[in-house]
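The numbers in my numbering rise by one with no breaks, and the one at position 494 of the sequence shown is 510. Every residue, glycine too, gets a C-beta built ideally from N, C-alpha and C. Heads up, the thing below is written out as structure tokens.
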Amino acid sequence: MEDLRQLDDPIFPLGCKSSNPPPIPEKAPFRPVAANDSLADMYLTYSAVLKSSHVVDEESILESISDTSSVPDAMGFTKVDMPAPVLENANGPQARGPRQALPKGLVATRFSNTPTPRPVPRPQSSASNRNSSTFVECDLIDFETDVSATPKRIPEQDGAKPPHRVEKDAGLGQELRLRREIAELRQKLASSNVRAEIAEETADRMRERIEEIKTTKVSNVTETERDVNSARQAARELEVENSSLKEQLGDAQSHIFSLQPYRQELTPEEVGREYDDLVDGITDWVAKLMAPLLDDHGRGVDDLLMNARKRPTEAGRLKRMIRMHPDLCHGVEFPETDEDIIIAIIMRFLDENIFQKILYGALPTEVQTLTLIETSMQNHVEPKRDLFAIRTWSAEAYNAILSAHQFKKIRAASVEHLTRELASIFSILCARGKEESFHRQFEKHCIKPAMMLYEKMQVSTHHFYFDMNPYIMWGPEDELLSTPDFVDNLHDLDCRNILQNRKAFNVTKMDPPPTKRELYEHLLNVCTLAPALMMRQVGRKDVIREPQVVRRQQMLVAYGPVEKRDSFQKDGDQTLLSHLCSAKSERERAEAGGWTPFRWAG
């Protein structure tokens with residue numbers, strides 16, 4: 017049994033250097049107690065400390081091994097006496113008795129699946145071996161029976177080991193290798209336990225940190241939710257308060273407007289600027305329209321006369337418009353006045369059809385009703401309303417009509433009608449296939465800007481209107497006569513002298529100023545281009561102020577000696593419109609008694 021304990025000690029095979037091998041007991045059958053049937057389930061166990069409270073003194077074992085004075089037995093093996101440890105189990109001390117050797121192959125069978133062994137570490141001191149995790153504890157098997165038969169010893173033969181020695185050496189080598197593997201596995205297990213403990217400690221710290229963060233976040237979220245709820249409640253209260261204040265503001269505005277009269281005052285400067293923009297826009301567009309015909313005067317005359325022969329109806333419209341105004345008939349006789357005549361025709365059309373008609377003549381019944389109300393307020397209402405109150409009421413009424421949704425269709429229809437009517441006057445100047453673009457240009461540059469200016473003037477408290485006096489009229493024998501008040505009203509006219517390249521003619525700036533006789537002899541009225549813009553300001557208690565000139569009437573004049581005027585007309589090219597007016601159509605020649613060219617039918 018002592019030999020078996022030497023095998024169980026991992027230090028003994030490494031420290032023993034004796035040449036004599038230990039005695040090998042003879043194999044003998046053993047009779048285990050029937051009560052110990054649990055041996056079949058026995059396996060090597062590991063624990064951090066020994067099951068027995070009595071630890072084997074490794075230093076005494078090493079001393080007994082290294083003692084050379086020990087007496088060898090009859091087989092030549094040195095006998096080592098090892099103290100028998102006291103083993104205890106959970107039920108109390110185990111039975112004492114002789115220990116039997118492990119059955120053959122028992123350890124090899126239990127550790128057959130172990131990994132490749134590593135070198136066994138060098139032996140340490142007894143204290144370190146006791147406390148180290150690599151200390152080997154092996155539970156011995158106690159069969160609680162005595163061995164009756166003494167193991168037989170087989171004498172050694174000459175130079176050859178007996179078979180049982182060879183078997184025993186192989187078992188010892190395998191046993192040592194397994195013990196080294198067990199020690200290495202225990203060392204790994206110990207390090208794994210240390211790492212597991214460190215991981216558990218880290219996990220505990222992280223768990224505590226997570227709980228702390230959760231607690232902090234929950235408190236923050238709770239405070240945020242509380243703030244959000246309070247903000248929502250405050251927003252609802254503000255919305256209710258805002259709606260209430262809006263209602264109160266609307267009531268206050270309605271009350272103020274009911275007490276305060278309607279006033280839409282436009283300054284003369286504002287209306288004057290818009291009128292200048294209208295005239296300048298028309299002037300620029302007419303210059304582009306007439307450029308193809310005026311760049312080459314001879315070719316332009318031929319093209320215009322050819323179109324007049326092909327389209328006599330369209331040419332007749334333009335000629336009738338010119339002949340309706342005596343100053344235009346006089347103006348076509350002066351060179352370089354084609355563009356001026358066309359501008360004058362457009363401005364007179366706008367004045368007659370837009371500025372001089374209430375609501376473009378589209379709502380005659382409504383206009384008549386408003387006029388009746390104004391007359392009744394002025395003459396039949398007690399107390400009578402003054403002109404300021406009447407003008408304020410009428411301006412507010414027209415503003416309501418112009419702002420109505422239903423009036424948008426009426427305005428659009430008026431724009432389309434006036435555009436086609438104005439474009440038809442100048443259709444002789446339009447090439448075939450471009451009628452739609454020609455109409456859109458009249459709408460963009462003439463009709464719409466004039467209507468916008470008119471609507472502003474109509475809703476204004478002050479009264480804006482246009483006034484035009486051509487100062488030329490037809491005589492009893494169809495001759496052109498100049499009215500005598502032309503010279504007297506020169507200070508209210510914006511005159512341009514065609515003899516000096518349309519330089520402004522202002523009597524007050526001439527040094528010395530011409531006398532009235534000189535003006536009668538040297539000043540000639542050519543034609544009127546654009547009407548004057550006037551404003552009449554209506555005050556309270558029927559106070560009507562004198563009309564104020566916002567923009568003067570634009571006119572063309574020829575100021576200079578008679579010889580200079582005659583040479584200007586003689587040396588200059590005859591205008592295109594003059595050729596058109598002087599050319600007679602076939603119907604006109606027939607009416608005058610001339611021959612009508614014969615045309616074959618078919």
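* To do: Grab me the residues of Y481's own chain with a C-beta within less than 6 Å of its C-beta, minus the 5 sequence neighbours each way, in chain order.
  => M550, listed in sequence order.
* Asked: Do T591 and A360 have their C-beta atoms closer together than 8 Å?
  -> In this structure, T591 sits away from A360, with a CB-CB distance that is not shorter than 8 Å.
* Label N395 either buried or exposed according to how many other C-beta atoms from any shown protein chain fall within 10 Å of its C-beta, with 16 as the threshold for buried. => Exposed, by the Cβ-count rule.
* Can you tell me the Cβ-Cβ gap for H455 and A439, rounded? I've got them flagged as a contact below 8 Å. => Rounded, the Cβ-Cβ distance is 5 Å, consistent with contact.
* **Simplified DSSP assignment, three categories, for L535** => Three-state result, L535: helix.
* **Among D501, E281, E285 and A413, nearest to M489 - alpha-carbon criterion** => The shortest CA-to-CA distance from M489 to any of D501, E281, E285 and A413 is the one to D501.
* **Cβ shell of R568 (< 7 Å), same chain only, five flanking positions each side left out** => Within its own chain, the residues whose Cβ lies closer than 7 Å to the Cβ of R568, once the five positions on either side in sequence are excluded, are D508, L509, D510 and A548, listed in chain order.
* Asked: Going by the CB atoms, is the gap between I358 and F458 shorter than 8 Å?
  -> No, they are not a contact pair.
* Asked: How is the beta strand (DSSP E) around N513 delimited, first residue to last?
  -> That run of the beta strand (DSSP E) goes L509 to N513.
* **T387 in three-state terms, based on DSSP** => Note: T387 maps to helix in three-state DSSP.
* Beta-bridge partners of Q269, as assigned by DSSP -> Partner(s): none; Q269 has no beta bridge.
* Under the three-state DSSP convention, the category L379 falls into -> Coil, per DSSP.
* **First and last residue of the uninterrupted alpha helix (DSSP H) at S498** => Run containing S498: none in the alpha helix (DSSP H); it sits in the beta strand (DSSP E), L496 to S498.
* Reduced DSSP category for Q569 - H, G, I as helix; E, B as strand; rest coil -> DSSP, reduced to helix, strand and coil, places Q569 within a strand of the structure shown.
* Tell me whether M340 sits in a helix, a strand or coil according to DSSP, three-state version. => Here M340 sits in coil by DSSP.
* To do: Give the DSSP-derived three-state secondary structure of V397 in the structure shown.
  => Under the three-state reduction of DSSP, V397 is assigned to coil, being neither helix nor strand.
* **For A360, the three-state DSSP class (helix, strand or coil)** => Per DSSP, reduced to three states, the secondary structure at A360 is helical.
* Asked: Should I362 be labelled buried (16 or more other beta-carbon atoms within 10 Å of its own) or exposed?
  -> The residue in question, I362, is buried, as its Cβ has 16 or more Cβ neighbours within 10 Å.
* Quick one: using the 10 Å Cβ neighbour count with 16 as the cut-off for buried, is Q116 buried or exposed? => Its pLDDT being 47, under 50, Q116 is placed unreliably by the model, and nothing is read from it.
* Indicate the three-state DSSP secondary structure (helix, strand or coil) for V542 in the structure shown. => It is a strand residue.
* What whole-angstrom Cβ distance do A445 and L593 have, given they're in contact under 8 Å? -> Just to set this straight, residue 445 is Leu in the shown sequence, not Ala. About 10 Å separates the Cβ atoms of L445 and L593, ruling out a contact at the 8 Å cut-off.
* **Span separating the alpha-carbon of A199 from that of K230** => Approximately 46 Å between the Cα atoms of the pair.
* Use the C-beta contact count for N541: other C-beta atoms within 10 angstroms, 16 or more gives buried, fewer gives exposed. => If you draw a 10 Å sphere on the C-beta of N541, you find 16 or more other C-beta atoms in it, and that means buried.
* **Residues sharing a beta bridge with Q564, DSSP** => According to DSSP, which records beta bridges pairwise, Q564 is partnered with M551.
* **CA nearest to the CA of A429, picked from N209, G377, L194 and A324** => Per the Cα distances, G377.
* Could you tell me the distance, in whole angstroms, from the CA atom of A303 to the CA atom of T391? => A303 and T391: Cα-Cα distance of roughly 46 Å.
* Are V503 and L539 touching if we call contact CB-CB under 8 Å? -> Yes; because the gap between Cβ atoms is below 8 Å, this pair is in contact.
* **Cβ neighbours of R561 in the same chain (closer than 6 Å, five flanking residues each side left out)** => If we look at R561 and ignore the five residues flanking it on each side, its Cβ neighbours are Q553.
* To do: Could you say which of F521, G187 and M484 lies nearest to V565 if we only look at CA atoms?
  => By alpha-carbon distance to V565, the top candidate from F521, G187 and M484 is M484.
* **For F482, three-class secondary structure by DSSP** => Note: F482 maps to strand in three-state DSSP.
* Asked: Which first and last residues belong to the beta strand (DSSP E) in which I488 is found?
  -> If you look at I488, you'll find it in the beta strand (DSSP E) that goes I488 to W490.
* Going straight from the alpha carbon of P621 to that of F521, what length do you get? -> Only positions 17 to 618 of the chain appear in this structure, which leaves residue 621 out of reach.
* Short Cβ contact (8 Å threshold) for L334 with L572 -> No; because the gap between Cβ atoms is not below 8 Å, this pair is not in contact.
* Endpoints, beta strand (DSSP E) assigned at F371 -> No beta strand (DSSP E) contains F371, which DSSP labels as neither H nor E.
* Local conformation of A429 per DSSP, three classes -> If DSSP states are grouped into helix, strand and coil, A429 belongs with the helices.
* **Buried or exposed (CB count within 10 angstroms, at least 16 for buried), L375** => With 16 or more Cβ atoms within 10 Å of its Cβ, L375 is classed as buried.
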